[in-house]
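Just remember that the working numbering sits 8 ahead of the position in the sequence shown, which is counted from 1. Every residue gets a Cβ at the ideal spot worked out from N, C-alpha and C, and that includes glycine.
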Amino acid sequence: MTVEADSGDPVVIAALTRCGSTIGRLVDGVGDATDLDSALADLFGLPDDLRPSPLAGALVVVLLRLGPHAEPRHVQHIDTLLGIADRDPPPWPEWADIRMMARTLAPMGRIAALMTGDSAQPADLRTLLTELGELEALLPARASEVVGPHLQLGRVIATSLHDAMHDDETALRRIGPDLERLRARIDDPEVSAELTPMIKVMSRWPDLLLAERRSNLPVAEVVELLQAAVDAVPSHRRGENFPDLVASTEATTARLRSLEGLTGQGSGSAPTDQQIAALRARAEDPDAGPARRATSYRDLGAAVARRGSRERDPSRIDQAVGYQRQALAVATATAPISTAGSWSGRPDYLLSLLALAETLALQWTVAGRHDSLVEAEQLLVEARELAVGPESMLWAKINELLSSARALLGAHSGAHQAGMDGLRRHAWKVLLQSDPAAATAAARDATSDATRVARRLLAAGRPAEAIQALDAGRALVLFAATELHDVPTRLDARGRADLAERWLLATASGEPEAVPVELRREALAALSTPADPKAVGAAGPLDPPTLPEIRSALAALDADALVYLVPATSRDTGYAVIAPAQGPPASMELPGLTLDDQSDLDSYLYALSSRDAARFPVGPLPAASAAETRGVADPAAEARGVADPAAEARGVADPADEELPREVELQQVESRFADTLDTLCGWAWQAAIGPLLEQYLAHRPAAGSGRPPRVVLVPMGSLARVPWQAARRPDGTYAVQLAEFSQAASARFLCASAVRTRVPLAPVGLVVGDPDTGRVGEELTAARVEAYAVHQAFYRGGRYLGRRPDGQPSRSGAGTAAQIRDWLTSTRPGAGAMVHLACHGVVEVAGEETASYLLLAGRERLTAEELIAVLAEVPQRGLGLVVLAACRTGVSSRGYDEAYSLGTAFLAGGARSVLSTQWSIPDQATSVLMFMFHHFLATGGRPARDALRRAQLWMLDPQRQPPEGMPPQLRRHLAQTDPAEIVAWAGFVHWGQ
């Protein structure tokens, strides 16, 4: 192939002649990949204005002929070739079709180049995604069957990269279903053979793309996954289809195999000389690009450092430092990533800074070199400045290392601030998600990281900062569900009307996913920016409340202290970390607050799960039974804080169909549960409540008006399942007889409750009694009696839904989800501000999906997520009191430390006070307790927390007398039960005002 050139430069003429000849061979089908490399090199080596359009057009044709067999390093040049060809388009009749087909290949080239590390990140992946969609729509029918699936796969790849770069767990969770739909649509057997192996690999991309997920994946599992992907490609296709991808995957697998056991996840043995030699060979590979070489030098330095650490050999540590310096030097040549997101900036350079800093810190440990530690701190400061803020995937790691380095250098104030700053990454990631499931995944390490920082602060005698650290990892999913509901107003207040307008446009559909993740990032960044950029820390949604803010909240709630209960571990003691309404913050060591397998708490949780398993076997649901409780519960997951996937299908088996052993089993599990609960109450006093009341509160100034001490607890981990108000002193006195207890999801939510205006109660509201669930849940005959009695005695002006005591439906309504939603959103003055729900509460999980919901008439559900959304629609709604007289309404469905339950959903939605339950509550005893709660609430005008305590004290009082208004049926329930049994009164917990 020949072209004419205006230049008289012999070098240019020679290059043109050589390039034309090579392209001619390629067009004739006799060239190979080496010829293509040469042709591209010659063409791009020419001055821009001397690059002939015909040659560029011919190369486009060559690449199109290769189709999916084209290698990424070649395809990435399609855009440039088209630009050259368009200057003087070839006069070929088919050029328009050729150009359009080439446009479909160009984005694939840009994606492939990014995946294989051969180019920098494209400026805008969102634009690339739009381009792919437009091109797919333009494909002619004759090409759609073959090229279409490749384009669709390219879209999924680009989407995955985009989502990972923006921490978008919500979108990443959709990759699997998207890939399955794509696979099902491929009809061509050859195309299917080419794409199915990649689809199998990509179904696991969420685990591999997100740094935090990848860090939790064992090296052996990653190796197995990647090797399976290579093995899935037929051997005869490995050189034809995706050769670069296969080669890259095999190289990564080999690298990980050499590192297995050297990363702290394997056997822990020191690397051998052979392993180190293999790593050195990869690092010194002259054909590798800067990013790959930097990675290889980091691996080599880490392996040598591990060997030196094991052997306590300073010379090997020196050698490791040298390799990490080489990694940093090579990383300076890596291309920056320009797309905004957690990968933006220079991630390879940042990783190399971190690796060198860690190795220098090890050098200080092994050789005692103070200068190494000083340099490590300086490198980490540089890394922190480059990372900018919590939007960076490396922000938490940088600050964790910086905190440790400063602590070793004696700069404790700076160390503590760095530790706190690193925790902001967790709040950022959680707030960025658009649904609770994704937020839960994003929050997976928040509590453990926050507790680690808090323990360091406690060791340094800084309890106020420790509370902030603990709060930074608490209830983030619940916080995210409510924090960004009124984004436009808050953006306007920050002077960002432009962002507010874009947010309003994006949310016009009403779907959270409609807000692009880039917009969510911009809005969150704007809301997180401190009013004074020079201030230490930043006021905003990423930061927990300060001690003065907590004190102000406690004063508004007339409470004496907020107390975090931190469980002990095998290495660390437990703590009570205390923020008092007055006086200095404090902490108490509680070594008995253990969660090990032999603890009283573990025995209690096991008995609790066994009780549920016996009470709620899978099978048809009965009418009423002798062992009624108000819920459908989890039989095997108490210790995880999650519930059973088939919960809605569970109930107590019909006694008529059971033989005696069934009743015996129920009696045995009830007895075992009662015994372990009794033992637990003694443990709770010794482990925490006794020291708190006798060693701390007893020495505080006495509360006014002769009232008992009022404590708000935030129990961490499975301590959340302990009925702390039932902690029992050795003389038989219960904690509830000595003090008043409430709980809070976090200090954030305590402060949020405190600032809400009080809502007075009146004899109106909504009472729901045992709605007919169509046999999905057992009938709750005592709940009907309770609800109807509460309505008639205290809220006659309100509305009653569900079933009356005789089983007939209320004339006001059956108790459907729609009826309850309507009441919750009603702003009519006569609607009332109190709702009492005596029905079924359900907590369930299916894989990663979890749910908490009220089971209502017609099998309808009202979920925690829906409650939050419904209440957000009417922020002016004054909801004064929510009584959840249903099972497990206080149990978190998303892990204990997320505190995401039906009860806290109401609280987060604006309810002032909430009563919720910790276990499957007994129907008859609960009916009596609830009547007495409303009695004390109404007769004395007392706040909900005081009314609950008085009702529980009444249950404990052997001289108790039913009030005149208690109906005969409830009096019979009182006579048929022992109200003083712990299970009868201790399951209810107060939250809020």
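Buried versus exposed, by CB contacts within 10 Å (16 or more), residue i
i, result
"P976", "exposed"
"P643", "Reliability of the predicted coordinates at P643 is poor, the pLDDT of 33 falling under 50, and the value obtained from them is presented with this limitation in mind. When all chains shown are included, P643 counts as buried."
"P738", "exposed"
"D307", "buried"
"H707", "exposed"
"I165", "buried"
"R811", "buried"
"A522", "exposed"
"I21", "exposed"
"D293", "exposed"
"L67", "buried"
"S380", "buried"
"P205", "buried"
"Q827", "buried"
"Q800", "exposed"
"S168", "buried"
"W927", "buried"
DSSP three-state assignment for residue i, whether helix, strand or coil
i, result
"L387", "helix"
"W999", "strand"
"A451", "coil"
"I876", "helix"
"M974", "coil"
"P987", "coil"
"P837", "helix"
"T25", "helix"
"H493", "coil"
"G430", "helix"
"V899", "coil"
"Y803", "coil"
"R737", "coil"
"R107", "helix"
"H844", "strand"
"L721", "strand"
"G849", "strand"
"V744", "helix"
"R811", "strand"
"R300", "helix"
"S921", "strand"
"Y861", "strand"
"R498", "helix"
"R950", "coil"
"P930", "strand"
"S607", "coil"
"D17", "coil"
Whole-Å CB distance - residue i paired with residue j, under 8 Å assumed
i, j, result
"L879", "A825", "Rounded, the Cβ-Cβ distance is 14 Å, inconsistent with contact."
"V767", "A795", "Actually they do not touch by this definition, with Cβ atoms about 22 Å apart."
"L34", "D43", "6 Å"
"A587", "L565", "Their Cβ separation, rounded to whole angstroms, is 13 Å, which puts A587 and L565 out of contact at 8 Å."
"I92", "A64", "4 Å"
"S726", "L613", "6 Å"
Within-8 Å CB hit, residue i to chain D
i, result
"M108", "This model lacks chain D altogether, as it is built from one protein chain only."
Contact the region 595 to 613 vs the region 490 to 502: 3+ CB pairs below 8 Å: Taking 8 Å as the limit for Cβ pairs, the verdict is that the region 490 to 502 does not touch the region 595 to 613.
Touch test, the region 475 to 486 against the region 422 to 434, Cβ-Cβ under 8 Å, three pairs minimum: Note that the region 475 to 486 touches the region 422 to 434; at least 3 beta-carbon pairs, one per stretch, sit closer than 8 Å.
Ranges of the beta strand (DSSP E) found wholly within the region 303 to 386, counting only runs of at least 3: Those beta strand (DSSP E) runs which fall completely within the region 303 to 386 and span 3+ residues do not exist here.
Completely contained beta strand (DSSP E) runs for the region 520 to 604, where each covers 3 or more residues: 569 to 574, 582 to 588, 594 to 598, all fully within the region 520 to 604.
Contact the region 322 to 341 vs the region 296 to 304: 3+ CB pairs below 8 Å: By the Cβ rule, the region 322 to 341 counts as touching the region 296 to 304, because three or more pairs are nearer than 8 Å.
Validate contact between the region 901 to 913 and the region 957 to 965 using beta carbons, cut 8 Å, 3 pairs: Taking 8 Å as the limit for Cβ pairs, the verdict is that the region 957 to 965 does not touch the region 901 to 913.
Given 8 Å, three or more beta-carbon pairs between the region 439 to 447 and the region 455 to 473: Between the region 439 to 447 and the region 455 to 473 there are fewer than three inter-stretch CB-CB distances shorter than 8 Å, so the stretches are not counted as touching.
Inter-stretch contact (C-beta, 8 Å, three-pair minimum) for the region 371 to 378 and the region 317 to 324: Under the three-pair Cβ rule at 8 Å, the region 371 to 378 counts as touching the region 317 to 324.
contact_flag[the region 969 to 985, the region 921 to 937] where n(CB pairs < 8 Å) is 3 or more: Per the Cβ contact rule, the region 969 to 985 is in contact with the region 921 to 937 (3 or more Cβ pairs under 8 Å).
Segment contact, 8 Å Cβ cut-off, at least three pairs: the region 776 to 787 with the region 742 to 762: Because the criterion of three Cβ pairs below 8 Å is not met, the region 776 to 787 and the region 742 to 762 do not touch.
Stretch-stretch touch, CB-based, cutoff 8 Å, three pairs: the region 405 to 425 with the region 550 to 560: Contact between the region 405 to 425 and the region 550 to 560 is absent, because fewer than three Cβ pairs lie under 8 Å.
Inter-stretch contact at 8 Å, needing at least 3 Cβ pairs: the region 901 to 909 / the region 941 to 959: Taking a cut-off of 8 Å for Cβ pairs, the region 901 to 909 and the region 941 to 959 do not touch, as fewer than three such pairs fall below it.
Sufficient close CB pairs (3 or more, under 8 Å) joining the region 522 to 534 to the region 720 to 734: The region 522 to 534, when compared against the region 720 to 734, does not touch it at the 8 Å Cβ threshold.
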